[in-house]
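Chains as they are written, first to last, in the working numbering: chain A, 1 to 207; chain B, 1001 to 1207. The beta-carbon is built from N, C-alpha and C at its ideal position, and this holds for glycine as well.
Protein chains: 2
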Amino acid sequence: MCHTLWVDSLRERKKARTRAELQRHALRLFAERGYEATTVEDIAGAAEVARSTFFRYFATKEDVVLFDDVDSLFEEALAAVPVGTPLLVALIEAIRATFAGLNEQKRAQEELRMRLGRTVPEIAAALRARGAWDVEQTARLVASALGRTPEDIEVVALAGALIGARFAAQTLVAREPHRSYVDTTLEILERLRSGIPLFDEPIVGSS
Amino acid sequence: MCHTLWVDSLRERKKARTRAELQRHALRLFAERGYEATTVEDIAGAAEVARSTFFRYFATKEDVVLFDDVDSLFEEALAAVPVGTPLLVALIEAIRATFAGLNEQKRAQEELRMRLGRTVPEIAAALRARGAWDVEQTARLVASALGRTPEDIEVVALAGALIGARFAAQTLVAREPHRSYVDTTLEILERLRSGIPLFDEPIVGSS
DNA sequence: AGGAAAACAGGACTGAGTCTTAAATAAGAC
DNA sequence: GTCTTATTTAAGACTCAGTCCTGTTTTCCT
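Shown next as structure tokens:
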């Protein structure tokens, strides 16, 4: 009846390995022949497990692309910034640190994920629906950093703006793939800081 | 060989009626027994057409909820604002006019759609993934209104901010359903205009 | 009326996701 | 080491969304 609560048993290690294998083969196959053209059966076959096993590790086919831990890395990076730093500077620093801290494999994986996110509609949809784009989650993060509450409408508005900045950056990178995603995001944040002058510009007639 | 290009024939009227019937029954069934529990076959059966006919009118099951013309109404409303109006004022005016211009049936339908959007995860995800949240589309709209091009990074940044504002508004309404979606959106836009003071606020340690 | 074009019903088919059952395997107790 | 028990897995049946094809009906135009 005494369960050892943690988790470094052989069983747990095997699970982690199976999960990693599934993800690795899935991303490889998606890159090789495309997302649609790869069935879950293919992935399971490549990883040498049953189809049903795939679904034990990932609730949906999309999940195998979406699963990651960049968000938690970002949270850690933000927590590591010295107290008293202005929020914008802290955010910039945390974003930089997060991407700089990725190892080679993670970085390549992130690259592929972003490409799939731009290319495959289902993934784009799923990505947008995800935590990374979630106002509530971002609001909690900001609130905690500033010592405010997530109920604060200022905080929610800021969270929305941050997400909007990521959308804009994503769009710009999609247009010009040579762009750096991180730098573009940071540039847009800088712009937002000083307000949005375009709001005061007069409109002209439609062409 | 001369095709009469227009479209008020019996055929077109029947099509419009079939489409409306499908949507009406679909929304009714979703409201009655839930989204998941309603199959496309049920909807087609209720509207007295074949399952395959449903897919002739709506590409996916989600589409029957998402289909609307609010976006085009918004474009028209924006075009109707007098030349020379500052952009923010024009946007606010257009948003107001769009919602005010909905007739009773549309308004009720919009109500139900929003409720499903908040209630059913699939629909929420689909809504987020839709054109309404698309940076490219919003950028084109803004660019056309200002006589700039959608390539302008200022324009893209603004489009991102607008989308972020809608996200934030959606979140606030989800928290407090009595809130007016329109008013909340407008309030957040006002805030953005004067910049984001929170960016300069110093961060505190994580709790 | 008669022929062309579009819309339709019906159904076969693929693949995602759920669920159940039985076999394999790891954990802990003796 | 072996036995018991809980968890993990394989295998496959099943539902439903979405695609595609075929032959039939309806509308349109002349």
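- [ ] Could you tell me the boundaries of the alpha helix (DSSP H) in which K61 (chain A) lies?
- [x] Looking up residue 61 (chain A) in the first sequence gives position 61. The continuous stretches of alpha helix (DSSP H) do not include K61 (chain A), and DSSP gives it neither H nor E.
Open item on the list: For the alpha helix (DSSP H) containing V1156 (chain B), name the first residue and the last one.
Closed with: Looking up residue 1156 (chain B) in the second sequence gives position 156. First-last of the alpha helix (DSSP H) with V1156 (chain B): 1153-1175.
TODO: For A161 (chain A), go through chain B and note every residue whose CB falls closer than 7 Å to its CB, in chain order.
DONE: Here the question's residue 161 (chain A) lines up with position 161 in the first sequence. For A161 (chain A), the neighbours in chain B by C-beta distance under 7 Å run, in chain order, A1161, G1164, L1192, I1196.
- [ ] Would you be able to state if there are at least three C-beta pairs under 8 Å between the stretch 1024-1042 of chain B and the stretch 1084-1102 of chain B?
- [x] No, the stretch 1084-1102 of chain B is not in contact with the stretch 1024-1042 of chain B.
Open item on the list: Going by beta-carbon coordinates alone, are A161 (chain A) and G1164 (chain B) separated by less than 7 Å?
Closed with: As a working note, residue 161 (chain A) is residue 161 in the first sequence. As a working note, residue 1164 (chain B) is residue 164 in the second sequence. Yes. Within cutoff.
Task: Nearest to A143 (chain A) (by Cα), restricted to the options A:R115, A:Q109, A:E75, A:L116 - done: Residue 143 (chain A) sits at position 143 when you count from the first residue of the first sequence. Considering only alpha carbons, the answer is A:E75.
Task: Own chain, CB closer than 7 Å to F54 (chain A), minus 5 neighbours either side, in chain order - done: On the first sequence, residue 54 (chain A) is found 54 positions in, with the first residue counted as 1. For F54 (chain A), where only same-chain residues beyond five positions count, the Cβ hits under 7 Å are L22, V40, I43, A44.
Task: Whole-number beta carbon distance between A1139 (chain B) and A1108 (chain B), since they are thought to touch under 8 Å - done: Counting from one through the second sequence, the residue named residue 1108 (chain B) turns up at place 108. Counting from one through the second sequence, the residue named residue 1139 (chain B) turns up at place 139. About 32 Å; that fails the 8 Å criterion.
Open item on the list: Counting only C-beta atoms, is P150 (chain A) closer than 7 Å to chain B at any point?
Closed with: Taking the first sequence and counting its residues from 1, one reaches residue 150 (chain A) at position 150. Chain B, which has no Cβ nearer than 7 Å to the Cβ of P150 (chain A), makes this no.
Open item on the list: Taking contact to mean 3 or more Cβ pairs, one atom from each stretch, closer than 8 Å, check whether the stretch 1100-1114 of chain B and the stretch 1060-1075 of chain B are in contact.
Closed with: The stretch 1100-1114 of chain B is in contact with the stretch 1060-1075 of chain B.
Task: D1183 (chain B) versus B:A1031, B:A1100, B:L1141, B:E1201, residue with shortest Cα-Cα distance - done: Here residue 1183 (chain B) refers to the residue found at position 183 when the second sequence is read from its first residue. Check the Cα spacing between D1183 (chain B) and each of B:A1031, B:A1100, B:L1141, B:E1201: the tightest is with B:A1100.
TODO: Using DSSP bridges, identify the partner residues of F202 (chain A).
DONE: Indexing the first sequence from 1 puts residue 202 (chain A) at position 202. Looking at the sequence itself, residue 202 (chain A) is Pro, so the reference to Phe does not match. DSSP, once it has assigned bridges, lists B:P1086 as partnering P202 (chain A).
TODO: Please state whether DSSP places T53 (chain A) in a helix, a strand or coil.
DONE: In the first sequence, the residue the question calls residue 53 (chain A) occupies position 53. In this structure, T53 (chain A) counts as helix in the three-state DSSP scheme.
Task: Neighbour-count burial assignment, A31 (chain A), 16 or more Cβ in a 10 Å radius - done: The count along the first sequence starts at 1 and reaches residue 31 (chain A) at position 31. Note on A31 (chain A): under 16 other CB atoms within 10 angstroms of its CB, so exposed under the neighbour-count rule.
Open item on the list: If we define contact as Cβ-Cβ less than 7 Å, is V1083 (chain B) a contact residue for chain A?
Closed with: Numbered from its first residue, the second sequence carries residue 1083 (chain B) at position 83. Taking 7 Å as the CB threshold, V1083 (chain B) lines the interface with chain A.
Task: Straight-line gap, V1156 (chain B) to L1186 (chain B) (C-alpha atoms, nearest Å) - done: One-based indexing of the second sequence puts residue 1156 (chain B) at position 156. One-based indexing of the second sequence puts residue 1186 (chain B) at position 186. Each residue's alpha carbon lies about 20 Å from the other.
TODO: Could you tell me whether any Cβ in chain A is nearer than 7 Å to the Cβ of I1203 (chain B)?
DONE: As a first step, residue 1203 (chain B) must be located in the second sequence, where it is residue number 203. Using beta-carbon distances, I1203 (chain B) counts as an interface residue toward chain A, with a partner under 7 Å.
- [ ] Quick one: grab the DSSP three-state call for P1025 (chain B).
- [x] Taking the second sequence and counting its residues from 1, one reaches residue 1025 (chain B) at position 25. Pro is not the amino acid found at residue 1025 (chain B); the sequence shown has His there. In the three-state scheme derived from DSSP, where H, G and I count as helix and E and B as strand, H1025 (chain B) is classed as helix.
- [ ] For E136 (chain A), return the contacting residues in chain B, with the cut-off set at a CB-CB distance below 9 Å.
- [x] The sequence position of residue 136 (chain A) within the first sequence is 136, counting from 1. Within chain B, the C-beta atoms nearer than 9 Å to that of E136 (chain A) come from T1171, A1174, R1175, in chain order.
Open item on the list: DSSP three-state label for G195 (chain A), please.
Closed with: Sequence index remark: in the first sequence, residue 195 (chain A) carries index 195 (1-based). If DSSP states are grouped into helix, strand and coil, G195 (chain A) belongs with coil.
Open item on the list: Taking only three categories from DSSP, how would you classify E36 (chain A)?
Closed with: Within the first sequence, residue 36 (chain A) is the residue found at index 36, counting from 1. Residue state, collapsed to three classes: coil.
TODO: Return yes when the Cβ of I123 (chain A) is within less than 7 Å of the Cβ of V65 (chain A), no when it is not.
DONE: As a first step, residue 65 (chain A) must be located in the first sequence, where it is residue number 65. As a first step, residue 123 (chain A) must be located in the first sequence, where it is residue number 123. Yes, they are a contact pair.
Open item on the list: For G1131 (chain B) and T119 (chain A), what's the separation of their Cα atoms in angstroms?
Closed with: Residue mapping note: residue 1131 (chain B) aligns to position 131 of the second sequence, counting from 1. Residue mapping note: residue 119 (chain A) aligns to position 119 of the first sequence, counting from 1. Residue confidence for G1131 (chain B) is low, a pLDDT of 48 falling below 50, so the modelled location carries little weight; the figure read from the coordinates is stated next. Linking G1131 (chain B) to T119 (chain A) through their CA atoms gives a straight-line distance of about 16 Å.
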